[in-house]
Amino acid sequence: MTSSRWHLSGWALWSIAALFYAYEFVHRVVPSIITDELRVGLSINDHQLGTIGAMYFYAYAAFQLPAGVLIDRYGVKKLLVAASAILTLGSFLFATTSSIHTAQMSRFMIGMGSAFAFIGCLKIGAQWLAMSSFPLVVGLTNLCGTLGALIGGKPMSYLAHQFGWRDMLLQLSFVGLVITLLLWIFIQDKPIQQEETEHTQPGLLTGLIAVMKNPQSWIIAFYGMLLVAPIAAIPEMWGVEYLKVAYNIPATQAAGITHTIFVGTAIGGPLIGWLMTHKIEEVDFMMIATLGALILLCFFLYWVNMPITNLYIVLFSYGLLTANMLLCFSLVTECHPPWAQGAAIGFTNMVIMAGGGLAQDRIGWLLDKLRSNHEGVYLLEDYHIALSILPICLLAAIGLTLLIRQKRIEN
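With positions in the sequence shown counted from 1, the corresponding number in the working numbering is that position plus 1.
See below:
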C-alpha cells in the first residue's frame with residue numbers, strides 16, 4: 002500500500018472510531034436533560050439521581066488503565082466492537098428499566114464501554130498515521146467528543162420532549178447497534194506488527210508504580226480533576242436544573258445554554274495548544290486561565306437575573322478558559338520517562354473522571370439535604386449552596402498551580 006493510500010485509510014478508520022467517541026459523549030451528558038423524567042420514571046430523589054450520573058464516571062475512570070492494556074494486547078477492533086456492544090446494551094437497559102439498581106448498573110455499563118473510545122481513537126492514529134499527525138488526531142478526537150456533548154444537549158432534549166425519554170434512549174440504542182456493526186465491518190488492526198519483546202521496556206506495573214511515587218503526578222491529576230468537576234456538574238448534570246429554577250426557562254433552552262461550555266472547550270483546546278507553541282509558560286497560563294474561569298463561574302452562579310445573551314457569553318468563555326485542563330497531559334508526560342508516560346496519562350485521566358463522578362454525587366446529596374428542610378420545594382438558595390462546591394474547586398486548582406511551578410523550578 003502506498004504512503005498516501007495508507008494515510009487515507011488511517012483517517013477513514015479513525016473517523017469510524019471517532020463516531021463511536023462522539024456517540025459515547027451523547028450518553029455522558031444525556032441524563033442532565035431528563036432529570037425530571039428520571040425522578041418520576043424511577044421514583045428517585047436527587048441523591049439517587051446523582052449516583053446514577055456518577056456511575057458513568059466511576060466506570061470510565063476504573064477502566065482507563067485496563068482499556069489501554071487490553072487494546073495493546075488484543076488490538077483495537079476486538080475491544081472497540083466489544084465496548085460499543087456493552088455501551089449499547091447499557092443504553093437499552095437504561096431506557097427500559099423502572100429499577101434504580103438496574104439504572105445504576107446500566108450507567109456503569111455505559112461508562113465501561115465509553116472508557117475504550119478515546120484510547121481507541123488515539124491507538125488508530127498511532128498505528129495508521131504519521132506521528133507528525135498525532136497532535137491533530139488528539140485535537141480532532143476531542144472536537145468529536147465535544148460535538149457529541151452538544152448533540153446530547155438541546156437536540157436530545159427536543160427528542161425527549163417529542164417522543165418521551167424512554168423512546169429517545171431506545172433510538173440512541175439503535176444508533177449504537179449501527180455503530181457497533183460499522184466498527185466490526187470496517188475497523189482493522191495494523192497488519193504489520195512491530196516486533197517488541199517484553200524486555201525492551203519495563204512492564205505496566207513498573208511504570209504505574211513510578212507514576213504513583215512521583216508527587217507531581219498527583220498534583221497535576223488533581224488539578225485536572227478540580228477543573229473538570231464544574232464541567233461534570235453544570236452541563237452534564239445540574240446546570241439545566243439550576244437554570245430552570247433561576248430563570249424559569251424550559252429544559253430545552255437551559256440545555257442549549259449550559260452546553261455552550263462544550264463549544265468553548267472545543268475551540269479552546271486547539272487554540273491553547275497553538276498558544277503553547279509560542280513558548281508561553283504553561284503553569285502561568287493555567288493559573289491565569291483558571292482565575293478567569295473562577296470569576297466567570299461566580300457570575301454564572303451568583304449574578305441573579307443575568308440577561309440570557311450574557312449567559313451564553315459567560316459559559317462559552319468559561320469553556321474556552323477551562324480547556325487549559327488539556328495541558329495536564331503534556332505536563333504529566335514531561336515528568337516521566339517514555340516507558341511510564343502511558344501509565345501517567347491513564348492515571349491522570351482516571352483521577353479526572355473519578356472527580357467528575359464525585360462532584361455529581363456530592364451535589365445531589367447536598368441538594369437532598371437542603372430540600373428536606375422545606376418539604377422538597379426547589380429553592381434557588383439550595384442550588385447556590387450546593388453548587389458553591391464548584392468555585393471552591395477552582396480556588397484549590399489555582400493553589401495547585403503554585404505547587405506545580407515550585408516543583409518544575411526545583412527540577
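Note that CB positions come from ideal geometry on N, CA and C, so glycine has one too.
Do the CB positions of residue i and residue j come within less than 8 Å of each other?
i	j	result
residue 387	residue 364	yes
residue 274	residue 146	no
residue 153	residue 27	yes
residue 103	residue 174	no
residue 413	residue 264	This structure cannot speak to residue 413, because the chain is shown only from 2 to 412.
residue 347	residue 66	yes
residue 101	residue 45	yes
residue 60	residue 112	yes
residue 327	residue 287	no
residue 230	residue 125	no
residue 405	residue 220	yes
residue 236	residue 262	yes
residue 238	residue 32	yes
residue 97	residue 362	no
residue 23	residue 148	yes
residue 155	residue 260	yes
residue 21	residue 180	yes
residue 283	residue 332	yes
residue 48	residue 366	yes
residue 54	residue 99	no
Which one of the options has the shortest CA to CA distance from residue i?
i	options	result
residue 184	77, 235, 311, 334	77
residue 143	167, 129, 160, 118	118
residue 29	46, 328, 58, 10	58
residue 289	63, 109, 395	395
residue 227	261, 310, 350, 179	350
residue 233	50, 366, 403, 358	358
residue 241	302, 276, 209, 268	302
residue 392	346, 213, 360	360
residue 345	222, 96, 161	222
residue 211	166, 50, 336	336
residue 178	313, 16, 214, 86	86
residue 108	42, 75, 176, 25	25
residue 38	92, 49, 52, 167	167
residue 215	334, 165, 169	334
residue 91	99, 80, 106, 82	106
residue 312	244, 284, 355	244
residue 79	249, 370, 182	182
residue 248	271, 270, 305	305
residue 316	330, 331, 299, 332	299
residue 285	279, 402, 266	402
residue 160	186, 207, 35	35
residue 310	99, 16, 258	258
residue 50	390, 123, 369, 400	369
residue 62	355, 372, 366	355
residue 270	165, 81, 138, 307	138
residue 338	224, 93, 276, 209	209
residue 186	95, 110, 81, 115	81
residue 176	93, 207, 116, 110	93
residue 84	115, 374, 308	115
residue 308	276, 250, 277	250
residue 217	371, 95, 390, 330	330
In terms of residue numbering, what span does the alpha helix (DSSP H) encompassing residue i cover?
i	result
residue 75	65-75
residue 120	118-129
residue 311	309-323
residue 102	101-115
residue 283	283-303
residue 1	The question about residue 1 has no answer here: the residues shown for the chain are numbered 2 through 412.
residue 36	36-43
residue 248	240-248
residue 332	328-335
residue 229	216-234
residue 383	381-387
residue 31	Unbroken run through residue 31: none, as it is neither H nor E.
residue 154	That residue, residue 154, is in no alpha helix (DSSP H); it is neither H nor E in DSSP.
residue 98	Here residue 98 belongs to no alpha helix (DSSP H), and DSSP marks it neither H nor E.
residue 271	261-277
Please tell me whether residue i has its Cβ less than 8 Å away from any Cβ of chain B.
i	result
residue 138	Looking at the structure shown, chain B is missing, and only one protein chain is on hand.
Please indicate yes or no: does the CB of residue i lie closer than 7 Å to some heavy atom of the ligand ADP?
i	result
residue 41	As far as ligands go, the structure on display features none, and thus does not contain the ligand ADP.
Subject >> the segment 318-325 in contact with the segment 289-308 per 3-pair CB rule at 8 Å >> reply: By the Cβ rule, the segment 318-325 counts as touching the segment 289-308, because three or more pairs are nearer than 8 Å.
Original post:
Hey, is the segment 10-22 in contact with the segment 64-74, meaning 3+ C-beta pairs nearer than 8 Å?
Top reply: Between the segment 10-22 and the segment 64-74 there are fewer than three inter-stretch CB-CB distances shorter than 8 Å, so the stretches are not counted as touching.
**OP:** Evaluate contact between the segment 378-385 and the segment 250-268, counting only Cβ atoms and requiring at least three cross-stretch pairs below 8 Å.
**Re:** Not touching, per the Cβ criterion.
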